[in-house]
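Student:
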Amino acid sequence: MSKYSFIETELHNRDAQHQRRTLQPIIPKSAVEVDAGGRTLINFCSNDYLGLSKHPLLKKRAAAFLEKYGAGSTASRLICGNFDCFDLVEKKLASLKGYEAALTMSTGFQANMTILPALSDRNTLIVSDWLNHNSIIQGTLLSRCRVIRFRHNDTGHLKQILQENAGSAYSRTLIVTESVFSMDGDVSDIDELADIAEAFNALLIVDEAHATGVMGQDGMGLTCGKGVDITIGTFGKACGCFGSYIACSQKVREYLINCCPGFIYTTALPPPVIGAIDAALAIIPDMDEERRELHRKADLLRKAIQDLGWSTGDSSTQIIPVLMGNEEEALSLSAWLEKHGILATAIRPPTVAQGQSRIRFTLSASHRDAHLDHLIASLKEYKARYGHQLP
Ligand SMILES: *Cc1c(COP(=O)(O)O)cnc(C)c1O
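Using the working numbering, the first residue of the sequence shown is number 806, and each one after it goes up by one.
Structure representation (structure tokens):
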């Protein structure tokens, strides 16, 4: 038997289930347009919610930091990679988020994967939302402690689990969830979660990957001032660049600097990235107008999709799923849209559960009304032609 046979088998299975993924090269043209194989497509699946990836100030400050500090940070923060710009950006972020302290990390994925094990021991209980992002799931697995998942956004179920385990000899309890869920665009009740965490003396950890930049006061997310112990966020989405952060108390920051392997044993973020983050943090609080536009367009698109008879689940944000069910249908709509000049990737298992395949539209403040009109017209045409039937 070939030592590669497990790879053949898995790829074959993916093909059989229409789940084989491939990488498609594109060239970004603007914040909302890409060139795919010589055709310009309107991009409705990027996380660049404010169009900051192409913003002149981000590019300019990235270039300035590149010039001043170099292309790389040369080492871990704890060796000689802690350039002064890191502390400045972290202070700025902490103050914007309303926390004592902040810490930048390489990526959101890495932050989630490393912070949960750093905060756990073998006797910890982690209670985690069913729909948490894969990076959180990886983090809970690496924590090698008891993990119980609560039904998505069901605080009653969360409380029940905490009550059932209140008498047990766990060393500590972590509640982990997201503020805006990545695949459904729905929102969790942070006040309620904070109350529950308080009542059960649990640490509350909230991932704000899709809220940072677009939700809450000054666009700084939904956890600000809510008593959430630790907020995690990414700079790769609405902030338009790369990297991630943890907002927390000074003590937790000290602890992570000492005890979090994914912070200690990795090269610090490259200086140009810190420059871009610095610029994004300078601009985002002043983008209320863009945020209003973003949410106005989201309401419009959601309503249009619902009027066509599709469900958008509990979405109330710039992330809008068209829940289709089976993979073929999601793929067929995605292909139809591409034919009509629209990039909207089908999301299917294992990213979402079986029977939960969907198109997930994500909007940007940079989309123009004409872009949205074209998308809605194309969806209408698809629906008129195929109804609920597969083409
Ligand atoms: C995208 C995402 C991450 C990962 O962040 P990156 O910086 O892209 O690695 C983490 N959590 C959630 C909920 C996400 O959607």
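Beta carbons are placed, not taken as given, at the ideal position from N, Cα and C, and that holds for glycine.
Model, not experiment: these values are computed from the prediction.
1. Give every residue of the same chain whose Cβ lies closer than 8 Å to the Cβ of Asp1034, excluding the five residues on either side of it in the sequence, and list them in chain order.
2. Quick check on Lys1102: buried or exposed, where buried means 16 or more other Cβ atoms within 10 Å of its Cβ?
3. Between which residues of its own chain and Ile1152 is the CB-CB distance below 6 Å, once the five residues before and five after are set aside?
4. Report the option in Pro1077, Arg1190 and Glu1186 whose CA atom is closest to the CA atom of Glu872.
5. Have a look at His938 and Thr919 and give me their C-alpha separation to the nearest angstrom.
6. If you follow the beta strand (DSSP E) that Ser1162 is part of, which residue opens it and which one closes it?
7. What do you reckon, are the CB atoms on Leu1136 and His823 nearer than 9 Å?
8. Are there any heavy atoms of ligand 1 lying less than 8 Å away from the beta-carbon of Gly1041, as far as the coordinates show?
9. Beta-carbon within less than 6 Å of Gly913's beta-carbon, same chain only, minus the 5 sequence neighbours each way: which residues are those?
10. Under 9 Å, do Ala1073 and Phe888 count as touching if we go by C-beta distance?
11. Would the beta-carbon of Asp1012 be found less than 8 Å away from any heavy atom of ligand 1?
12. Taking one C-beta from the stretch 896-906 and one from the stretch 927-934 each time, how about it: are there three or more such pairs within less than 8 Å?
13. Would you say the beta carbon of Ile1037 comes nearer than 8 Å to a heavy atom of ligand 1?
14. So, does the stretch 850-868 touch the stretch 823-838, judging by three or more C-beta pairs under 8 Å?
15. Keeping to the same chain, check which residues put their C-beta closer than 7 Å to that of Ser851; ignore five residues upstream and five downstream.
16. Could you give the residue range of the alpha helix (DSSP H) that holds Phe1047?
17. Which word fits Asp840, buried or exposed, when buried means at least 16 other C-beta atoms lie within 10 angstroms of its C-beta?
18. Kindly indicate which three-state DSSP category Gly1038 falls into: helix, strand or coil?
19. Is any heavy atom in ligand 1 found nearer than 8 Å to the beta carbon of Asn958?
20. Under 9 Å, do Ile942 and Gly1146 count as touching if we go by C-beta distance?
Tutor: Taking the definition as stated:
1. Ala1002, Leu1008, Leu1009, Ile1010, Cys1053, Ser1054 and Val1057
2. buried
3. Arg1163 and Arg1165
4. Pro1077
5. 14 Å
6. Ser1162 to Thr1167
7. yes
8. yes
9. Ala1014, Thr1039 and Ser1049
10. yes
11. yes
12. no
13. yes
14. yes
15. Thr1167 and Ser1169
16. Segment: none, Phe1047 is in no alpha helix (DSSP H) and carries neither H nor E.
17. exposed
18. strand
19. no
20. no
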